[in-house]
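What follows is a set of notes on a single structure, which appears directly below.
Protein chains in written order, with this note's numbering: chain A, 1 to 260; chain B, 1 to 382.
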C-alpha cells in the first residue's frame with residue numbers, strides 16, 4: 001500500500017500562487033488570494049523571509065491528532081495518505097482546531113450550520129491514481145506529489161547533493177510521528193516561523209492522551225469492585241449493629257441507643 | 001394568585017433573561033461568529049471553558065455526597081444528599097444546554113451515541129456526561145415521585161439506588177479526570193505551569209475540593225434566602241475533609257512542577273505565571289490556611305467565605321487551563337464578547353432559579369426546620 005505524500009522544496013518556490021488558485025478552482029472557493037489558511041483557503045503561500053516562500057497546507061500526519069481527538073470520528077487517515085473529513089458526522093466541537101499541532105483546521109464562523117474546512121489532499125483524485133490540484137499546478141516543481149518513501153529518498157538525495165544549499169533536515173520526517181507533507185529549506189527551519197518554530201515532539205500526540213484513556217477499563221473494573229466491597233462491608237456493619245441493639249434490648253441491658 | 005412584587009433582584013433577573021433570550025436568538029439565527037469572539041486562532045472560549053469544563057467540576061458535590069451516604073453509609077450526611085444531587089442534576093443539565101450553544105452543529109449532539117471513537121477523550125466525556133446525567137435524574141426522581149405520591153416508582157428507585165450510586169461515582173471519577181485529559185493533547189500549546197501529564201489527577205482532586213465547597217456554599221445561601229439549610233457541624237466535617245484534599249492537591253502540584261523543572265516559573269513576571277499564582281493562592285493556599293483557624297472553621301460565615309475562595313479559584317484554574325494557558329501559542333488574544341458572557345450569566349441564573357423553585361416546592365432540605373430569617377446556625381439532633 002503506497003502512502004502518498006507531498007514534498008515542498010522552499011528553495012524552488014517562487015511565490016507565484018498557482019497552487020492556491022488551482023486549489024480554489026478545484027474546490028469552488030472564492031478566487032481572491034488570502035494571507036492565511038482559512039475556511040476558504042486550504043493552502044496559502046507566505047513570504048516568510050525576503051524571497052523565501054513557505055506553502056502552508058494540512059500536513060496529513062501519519063498518526064493525526066484530529067483523527068484521534070474527534071469524538072465522532074469525522075476524520076479519517078486514508079490508506080493512501082490523505083486525512084479526510086466527513087462533514088455529516090461532525091458535531092462542531094472544534095476540538096480538532098484546538099489540538100492540531102499545526103493549527104490547520106478552520107471553521108465557517110459566519111454560517112448557521114458551520115463545517116470544518118481543510119486540505120484533504122484531493123483524496124478523490126489521489127484515489128483515482130491522479131495527483132492533487134496544487135502539485136499539478138506548480139510550475140517549478142517546488143511541490144511534488146508521490147510515494148512518501150520515495151519522496152524521502154529524493155529529499156535526502158537533494159540534501160546530500162547540495163549540502164551548501166539545504167539545511168540538513170527534512171521537516172515532517174519525524175515530527176509528531178511523521179507527516180505526509182515534507183519540507184526542505186535552505187535556512188534553518190526555526191527562522192521560517194510557524195509551524196517550524198514550534199518544538200514538536202517526535203512522539204505522535206495521540207500517544208499522550210491514550211496514556212490516560214487506556215486506564216479507563218481498569219478504573220471501571222477496580223472502581224466497581226472496590227465500591228461494591230465497601231458498600232458490602234458498611235451495610236453488613238449496620239446489620240450487625242441493628243442485631244446487637246435488638247439483642248441488648250431483649251436482655252434488658254442499657255445499650256447506647258443508636259440513631260432511629 | 002397575586003402578582004409578584006417588583007424587587008431589585010427580580011429586575012436584575014428579568015434583564016438577564018431578556019438579554020439571554022436576545023443573544024440566544026442571535027446565536028441560532030446568525031451563527032457562532034455573530035455572538036462570540038471566537039476565531040480560527042481561538043476556537044475555544046468562555047462556553048467551553050466555563051459552561052462545560054468548569055460547570056462539570058462545580059457539580060461534583062453530588063457524587064461525593066452520594067458516595068458518603070450510600071456507599072460509606074455515613075448517615076449524618078443524609079441531609080446534604082438531596083441538595084447536592086439537585087445541584088448536580090441542574091449543573092449537568094446546564095452543561096448540556098451550554099454545549100447546545102457551543103456546538104456548531106448542535107442538532108447533531110447525539111452523534112457520539114452512534115459514531116464511536118474510543119481514542120477520543122471527548123468521546124469518553126460525552127458518554128460519561130450523558131450516562132451520569134441520567135443517573136442524577138434517577139437519583140433525584142425519588143424526590144419528585146415522593147411529592148407526586150408515586151410510591152411504586154419511588155420503591156423502584158430505592159432498589160436501584162446502590163448500583164446507581166456506584167455507577168455515578170465511577171462515571172464521575174472518569175469524566176472529572178478526563179476533562180483534564182482533554183488538554184494532554186496540547187503539550188506545545190499549553191503553558192508549562194499548567195501542562196502536566198498529571199492533569200487528569202489534578203482535575204479530579206480539584207473537582208472533589210470544589211464539590212465540597214459548593215455544597216457548603218449552597219447550603220449557606222439556601223439558609224439565607226430560603227430559610228432552609230444544613231447543620232453547621234456537617235459543613236464543618238466537609239471543611240475538614242477539604243483541608244486534607246487541598247493539602248494533597250498542593251503537594252502533588254508542587255512535586256509535579258519540581259519534577260518537570262518548571263517550579264521556578266512561578267516567580268516569573270509573565271502574565272501566565274501571575275495568573276497561575278493568583279489561581280493557586282485563591283483556590284488552595286488561602287482557603288487552606290483559613291480553615292486552619294478554629295474560629296473560621298466553626299462559623300457558617302467563615303465556611304462560606306472559605307468555600308467562596310475555593311470556588312472562585314477553581315473557576316480561575318479551569319479558565320486558565322482552557323483559555324489563558326493557550327493564548328501565547330495562539331498568536332492572538334481572546335476576551336469573551338458581551339453576548340458570550342450574557343449567555344453564560346443567563347444559564348447560571350436559570351440554574352439558580354430552578355434550584356430555588358425546586359427547594360420551594362419539593363422536599364429538598366429534609367430534617368431541617370424552617371426559620372423566619374437567616375443566616376442561622378442550627379444545631380439540630382438528627
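Even glycine gets a Cβ: it sits at the ideal position worked out from N, Cα and C.
Within 8 Å, do at least three Cβ pairs link the region 112-131 of chain B to the region 208-219 of chain A? yes
According to DSSP, is residue 139 (chain B) helix, strand or coil? Counted from its first residue, the second chain places residue 139 (chain B) at position 139. Note: residue 139 (chain B) maps to helix in three-state DSSP.
Could you say which of B:189, B:114, B:74 lies nearest to residue 272 (chain B) if we only look at CA atoms? Counting from one through the second chain, the residue named residue 272 (chain B) turns up at place 272. Looking at the Cα atoms, B:189 is the closest of the given residues.
Between residue 120 (chain A) and chain D, is the shortest Cβ-Cβ distance under 9 Å, so that the two count as touching? Of the protein chains in this structure, namely A and B, none is chain D.
Taking the alpha-carbon positions, what's the residue 233 (chain B) to residue 245 (chain B) distance? Mapped onto the second chain, residue 233 (chain B) falls at position 233. Mapped onto the second chain, residue 245 (chain B) falls at position 245. Distance between the alpha carbons of residue 233 (chain B) and residue 245 (chain B) is about 19 Å.
Going by C-alpha to C-alpha distance, which of B:283, B:305, B:332 sits closest to residue 210 (chain B)? Residue mapping note: residue 210 (chain B) aligns to position 210 of the second chain, counting from 1. Residue B:283 is the option with its Cα nearest to residue 210 (chain B).
Put residue 256 (chain B) into one of helix, strand or coil per three-state DSSP. Position 256 of the second chain, counting from 1, holds the residue named residue 256 (chain B). Reduced to three states, the DSSP call for residue 256 (chain B) is helix.
Take residue 115 (chain A) and list the residues in its own chain whose beta-carbon comes closer than 7 Å to its own, dropping the five residues that flank it on each side. To locate residue 115 (chain A), count along the first chain from 1; it is residue 115. Counting only Cβ-Cβ distances below 7 Å, and skipping sequence neighbours, we find 87, 90, 108.
Alpha helix (DSSP H) segments (min. 4 residues) lying fully within the region 32-94 of chain A: 65-69
Per-residue DSSP class, three states only, for residue 4 (chain A): The sequence position of residue 4 (chain A) within the first chain is 4, counting from 1. If DSSP states are grouped into helix, strand and coil, residue 4 (chain A) belongs with the strands.
Beta carbon of residue 117 (chain B): closer than 8 Å to some heavy atom of the ligand HEM? Among the ligands in the structure shown, none appear at all, so the ligand HEM cannot be discussed.
How big is the Cα-Cα spacing for residue 338 (chain B) and residue 171 (chain B)? If you number the second chain from 1, residue 338 (chain B) lands on position 338. If you number the second chain from 1, residue 171 (chain B) lands on position 171. Rounded to the nearest angstrom, the two C-alpha atoms are 34 Å apart.
Could you name each continuous beta strand (DSSP E) segment of 3 residues or more that falls completely within the region 136-185 of chain B, going from the start of the chain to the end? none
For residue 238 (chain A), return the contacting residues in chain B, with the cut-off set at a CB-CB distance below 7 Å. For this step, residue 238 (chain A) is matched to residue 238 along the first chain. Ordered by position in chain B, the residues that pass the 7 Å Cβ test against residue 238 (chain A) are 73.
List the residues of chain B that residue 110 (chain A) touches, going by C-beta distances under 7 Å, in chain order. The sequence position of residue 110 (chain A) within the first chain is 110, counting from 1. The answer, in chain order, is 31, 33.
Tell me whether residue 379 (chain B) sits in a helix, a strand or coil according to DSSP, three-state version. Indexing the second chain from 1 puts residue 379 (chain B) at position 379. Confidence in residue 379 (chain B) is poor, its pLDDT being 39 and thus under 50, which makes the residue's placement too unreliable to answer from.
Per-residue contacts from residue 124 (chain B) into chain A (C-beta, under 9 Å): Looking up residue 124 (chain B) in the second chain gives position 124. The contacting residues are 71, 213, 216.
So that I know if they touch, is there some Cβ in chain B lying closer than 9 Å to that of residue 27 (chain A)? Numbered from its first residue, the first chain carries residue 27 (chain A) at position 27. By this cut-off, residue 27 (chain A) is not an interface position.
Put residue 196 (chain A) into one of helix, strand or coil per three-state DSSP. Numbered from its first residue, the first chain carries residue 196 (chain A) at position 196. If DSSP states are grouped into helix, strand and coil, residue 196 (chain A) belongs with coil.
Secondary structure at residue 29 (chain A), three-state DSSP: helix, strand or coil? Numbered from 1 along the first chain, position 29 holds the residue referred to as residue 29 (chain A). Coil at residue 29 (chain A), not helix or strand.
Sequence-distant residues of the same chain with beta carbon closer than 7 Å to residue 259 (chain A), five excluded per side: If you number the first chain from 1, residue 259 (chain A) lands on position 259. Residue placement at residue 259 (chain A) is poorly supported in this model, since its pLDDT is 48, which falls under 50; the coordinates are not used for a value here.
Measure the alpha-carbon distance for residue 39 (chain B) versus residue 356 (chain B) and round it to whole angstroms. By one-based count along the second chain, residue 39 (chain B) stands at place 39. By one-based count along the second chain, residue 356 (chain B) stands at place 356. Whole-angstrom Cα-Cα distance: 37 Å.
DSSP three-state assignment for residue 145 (chain A), whether helix, strand or coil: The residue you call residue 145 (chain A) lines up with position 145 of the first chain. If DSSP states are grouped into helix, strand and coil, residue 145 (chain A) belongs with the strands.
Contact list for the region 99-123 of chain B against chain A, Cβ threshold 9 Å: 99, 102, 103, 104, 105, 106, 107, 108, 109, 110, 111, 112, 114, 115, 116, 117, 118, 119, 120, 121, 122, 123
If distances are taken between C-alpha atoms only, which option among B:305, B:29, B:30, B:93 comes closest to residue 217 (chain B)? Position 217 of the second chain, counting from 1, holds the residue named residue 217 (chain B). Comparing Cα positions, the closest option is B:305.
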